[in-house]
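Chain order of the listed sequences is H and A. Taking this note's numbering, I'd label the letters of the first sequence as residues 385 to 682. Taking this note's numbering, I'd label the letters of the second sequence as residues -9 to 323. These notes are about the structure you will find just below.
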Amino acid sequence: MGDLSIFLQHLANGVSLGSLYALIAIGYTMVYGILRLINFAHGDIFMLGVYITFYGILYTPLPWWLVFLIAPAITGCIGILLEITAYKPLRESPRITILISAIGASFLLQNLGIVIFGGRPRAFPVPKLLNQVVRLGGVSINIVAFIIPIITVLLLMGLNYFINKTKTGMAMRALAKDYDTASLMGIDINRIISITFFLGSLLAAVGGIMWGVRYPQLMPLMGTMPGLKSFIAAVIGGIGNITGAVTGGFILGLGEIMLVALLPRLTGYRDAFAFVLLIIILLVKPSGIMGDKITEKV
Amino acid sequence: MKIKEKSSVTLLILLALTIVGLFLANKFLDSYKIRIITLSGIYITLGLSMNLINGFTGMFSLGHAGFMAIGAYTVGILTMPIPMKEMNFFMQPIAPFLANVEWGFLPALLAAGIIAGLAGFVIGAPVLRLTDDYLAIATLGFAEIIRVVFTNTQSLTNGALGLKGIPNYTNIWWSWGIAFVTIWFMTVLMKGSYGKAFLAIREDEVAARSMGINLFKHKVMSFSFGSFFAGVAGGLLAALLGTIDPNMFRISLTFNILLIVVLGGLGNIVGTAVSALVVTIMMEALRFLDESINLGFIQLKGIPGMRMVVFSVILIAVVLIRREGALRKAKRV
């Protein structure tokens, strides 16, 4: 009984961590699908989302739930701004150039974070409502661990509807399928790319807020690791594929928690787990679990 | 033939001038400035080693910090005096086969390079099949794995505590000597058939393969050479600082080197050397941005982190303004 309840606890933790990875991974996968670019700054956008919420709760009279709604929208706009300044001018350049620009943007955001927010860790003001522990048949779990997967699933359903049922979503899919042809079909590329960055950053911010509620310590460099791991989640699932990104996120989140739970001796290697998994996947099936096969064209 | 002789004469004069300059600097400057110049020598080696992989062969690798860590720890463990080792490893005694080892600096540096190069070979063989961004993320992953492993192997690397009291062998001559050797090696390598093959791979992999170039062999070779020099530079850095710990070797270190390579021009040897010098000096010169300045009548408060903001902006600006430039100029060799 004891073992089972502990296992369930780990499972709940793994699922909630996996949901967070999934939310961030979607942003990577959407951008990669259209621009073939690893948006290295995505993890830092996630960080900005958390900080904007932090300041919104502490320094504005708005109730926390309103801040939770507004902050992702602001972060989404920052995402658009990032694309316009750092990526848009390079759209026709070699991929390495734009990758370097992405790395530069990531470091710029991190260091701006240090300058503006200060290097000291801050405590995220967790609303009382979300800071309760529920007991379910011997398992005591923070209520957030339940809320996170639910919100993730709701957002995914919304995103799925948007991409498959709306005209903008269709344009997005067309652009991901064949960039050049789609641009000849009267699709406003700049608008679609902006929307993609907006949505990706918005989801990252939602993930960030929930991350802050779950692990309430804020640092300007907090986005690096979750960012890298979520990218790995996207690769594991097959980059460019949203369902794949979510699957990858859950695999990674559960895998990490279970590794620590089942093999406590390897706790120190937790951060390496994702990278080992990445390299195995890249070697065995580079296109990921759900990705299309990539062929090199001459 | 005549032109060749002429350019080698110019090079010799340049070399002699640099040596005289270093000698004068060593004699007349204070220890802080000498230290910066020593550091720039190390960064030249680092910049060139990354340029070999990223600039000449066109593989986008972000694993440099990992190979530097390997080199730094090799030199640290091999050169540290035996009593110092006992003091360092108080949490858990050092692995027995390393306990009574105390090497000279040169063999330790060579060992650092060889071990890092071997690591590059072992890592490169599987991952170099990947292209562009996948390779970037995989090599980044390896650097992270190396860091995590070093944090956890208490009896080998002293874990998160790091190593203290590594003998300060590195001086201006060691760092610049190695830098010259690296420049010479890169020049010779790039003039030979291997260099031509590297460039061909960078320009067009498919075409290079159809011309009979063994892609795998050359990529692994370039990667291993690059890792070798990264390891040597890491070793120099360890012996300059005297203290190392796994957290030094984060991706931000790789970023600094990438900045040097991009500023100097991907695939440009002289450019890399110059930009390594400039960036290292600027990194120190711009420290005032982080500290408070007192202008007498007004007290400007320094903002910690501002220095790196400036550098990130420079990197993005260079990429945006020169766009193709940073890459293309060197491409038409």
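We treat Cβ as the ideally placed atom computed from N, Cα and C, and that holds for glycine. Everything numeric in this text was worked out from a predicted model, so none of it was measured.
Beta-carbon spacing of residue i, residue j below 7 Å
i, j, result
"Ala560 (chain H)", "Ala409 (chain H)", "no"
"Ala223 (chain A)", "Gly37 (chain A)", "no"
"Leu602 (chain H)", "Phe438 (chain H)", "yes"
"Ser212 (chain A)", "Thr47 (chain A)", "yes"
"Phe50 (chain A)", "Ile487 (chain H)", "no"
"Ala59 (chain A)", "Ile136 (chain A)", "yes"
"Phe659 (chain H)", "Glu134 (chain A)", "yes"
"Ile27 (chain A)", "Ala15 (chain A)", "yes"
"Val499 (chain H)", "Met296 (chain A)", "yes"
"Met431 (chain H)", "Met606 (chain H)", "yes"
"Thr244 (chain A)", "Gly254 (chain A)", "no"
"Thr160 (chain A)", "Leu226 (chain A)", "yes"
"Met556 (chain H)", "Gly628 (chain H)", "no"
"Gly624 (chain H)", "Tyr435 (chain H)", "no"
"Ala220 (chain A)", "Phe57 (chain A)", "yes"
"Thr459 (chain H)", "Ala589 (chain H)", "yes"
"Thr536 (chain H)", "Leu407 (chain H)", "yes"
"Leu120 (chain A)", "Lys209 (chain A)", "no"
"Gly584 (chain H)", "Gly402 (chain H)", "no"
"Gly61 (chain A)", "Ile234 (chain A)", "no"
"Ala645 (chain H)", "Ile525 (chain H)", "no"
Local Cβ density within 10 Å of residue i, reported as buried at 16 or more and exposed below that
i, result
"Gly440 (chain H)", "buried"
"Gln494 (chain H)", "buried"
"Gly570 (chain H)", "exposed"
"Glu314 (chain A)", "At Glu314 (chain A) the pLDDT is 49, less than 50, meaning the model places this residue with poor confidence; the figure from the coordinates comes in the next sentence. With fewer than 16 Cβ atoms within 10 Å of its Cβ, Glu314 (chain A) is classed as exposed."
"Phe13 (chain A)", "exposed"
"Trp449 (chain H)", "exposed"
"Trp174 (chain A)", "exposed"
"Asn548 (chain H)", "exposed"
"Met(-9) (chain A)", "Unreliable placement is indicated for Met(-9) (chain A), whose pLDDT of 45 sits below 50; the coordinate value is still reported in the next sentence. It counts as exposed."
"Ser165 (chain A)", "buried"
"Lys75 (chain A)", "buried"
"Phe668 (chain H)", "Reading off the sequence shown, one finds Val at residue 668 (chain H), where the question assumed Phe. Result: exposed."
"Phe80 (chain A)", "exposed"
"Pro97 (chain A)", "exposed"
"Thr651 (chain H)", "exposed"
"Ser490 (chain H)", "buried"
"Gly463 (chain H)", "buried"
"Thr580 (chain H)", "buried"
"Ile482 (chain H)", "buried"
"Val178 (chain A)", "exposed"
"Leu543 (chain H)", "buried"
Beta-carbon neighbours of residue i, restricted to chain A and to distances below 7 Å
i, result
"Val499 (chain H)", "Ile293, Gly295, Met296 and Val299"
"Tyr653 (chain H)", "Val138 and Asn142"
"Phe615 (chain H)", "Ile127"
"Ile663 (chain H)", "Val117, Ala128 and Gly131"
"Leu667 (chain H)", "Pro116"
Supposed contact pair residue j and residue i - C-beta distance, whole angstroms, cut 8 Å
i, j, result
"Ile306 (chain A)", "Leu643 (chain H)", "The pair is not a contact, with the Cβ atoms about 37 Å apart (cut-off 8 Å)."
"Phe218 (chain A)", "Gly110 (chain A)", "7 Å"
"Leu29 (chain A)", "Leu230 (chain A)", "7 Å"
"Met176 (chain A)", "Ala190 (chain A)", "With 8 Å as the limit, Met176 (chain A) and Ala190 (chain A) do not qualify as a contact, their Cβ atoms being about 17 Å apart."
"Ile156 (chain A)", "Thr69 (chain A)", "6 Å"
"Ile663 (chain H)", "Ala128 (chain A)", "6 Å"
"Leu612 (chain H)", "Gly427 (chain H)", "7 Å"
"Arg34 (chain A)", "Ala169 (chain A)", "For clarity, residue 34 (chain A) is Ile in the given sequence; the question names Arg instead. Sure, about 4 Å apart at Cβ, within 8 Å."
"Leu466 (chain H)", "Ala425 (chain H)", "6 Å"
"Val252 (chain A)", "Val308 (chain A)", "6 Å"
Contact list for residue i against chain H, beta-carbon separation under 8 Å
i, result
"Phe245 (chain A)", "Ile487 and Phe491"
"Ala126 (chain A)", "Ile422 and Leu483"
"Tyr122 (chain A)", "Checking the sequence, you will find Asp at residue 122 (chain A) rather than Tyr. The answer, in chain order, is Arg479, Ile480 and Leu483."
Listed by chain order, chain A residues near residue i by CB distance under 9 Å
i, result
"Val660 (chain H)", "Gly131 and Ile135"
"Leu571 (chain H)", "Note that residue 571 (chain H) is Ile in the sequence shown here, rather than Leu. By Cβ distance, chain A contributes nothing, its closest Cβ being about 24 Å from Ile571 (chain H), past 9 Å."
"Leu587 (chain H)", "None at all; the shortest Cβ gap to chain A is about 20 Å."
"Arg506 (chain H)", "Those do not exist, as Arg506 (chain H) stays about 15 Å from chain A at its closest Cβ, beyond 9 Å."
"Ile408 (chain H)", "The contacting residues do not exist; Ile408 (chain H) stays about 15 Å from chain A at best."
Interface partners of residue i on chain A, CB under 8 Å
i, result
"Ala656 (chain H)", "Glu134, Ile135, Val138 and Val139"
"Gly503 (chain H)", "Pro294 and Gly295"
"Pro600 (chain H)", "Ordered by position in chain A, no residue passes the 8 Å Cβ test against Pro600 (chain H), which lies about 23 Å from the chain."
Contacts that residue i makes with chain H (C-beta to C-beta distance below 7 Å)
i, result
"Ser302 (chain A)", "Gly488, Phe491, Leu492 and Asn495"
"Val345 (chain A)", "In the structure as shown, chain A begins at -9 and stops at 323. Residue 345 (chain A) is therefore absent and cannot be evaluated."
"Ile306 (chain A)", "Ala470, Ser485, Gly488, Ala489 and Leu492"
Residue-chain proximity (residue i, chain D), Cβ-Cβ < 7 Å
i, result
"Arg557 (chain H)", "The structure shown contains no chain D; its protein chains are H and A."
- Positions along the stretch 454 to 477 of chain H whose CB lies within less than 9 Å of some CB in chain A: Thr469, Ala470, Pro473, Leu474, Glu476 and Ser477
- Task: Using a Cβ-Cβ cut-off of less than 9 Å, list which residues of the stretch 49 to 66 of chain A approach chain H; keep chain order.
- Result: Phe50 and Leu52
- Task: Select from the stretch 18 to 44 of chain A all residues with a C-beta closer than 7 Å to any C-beta belonging to chain H, and list them in chain order.
- Result: none
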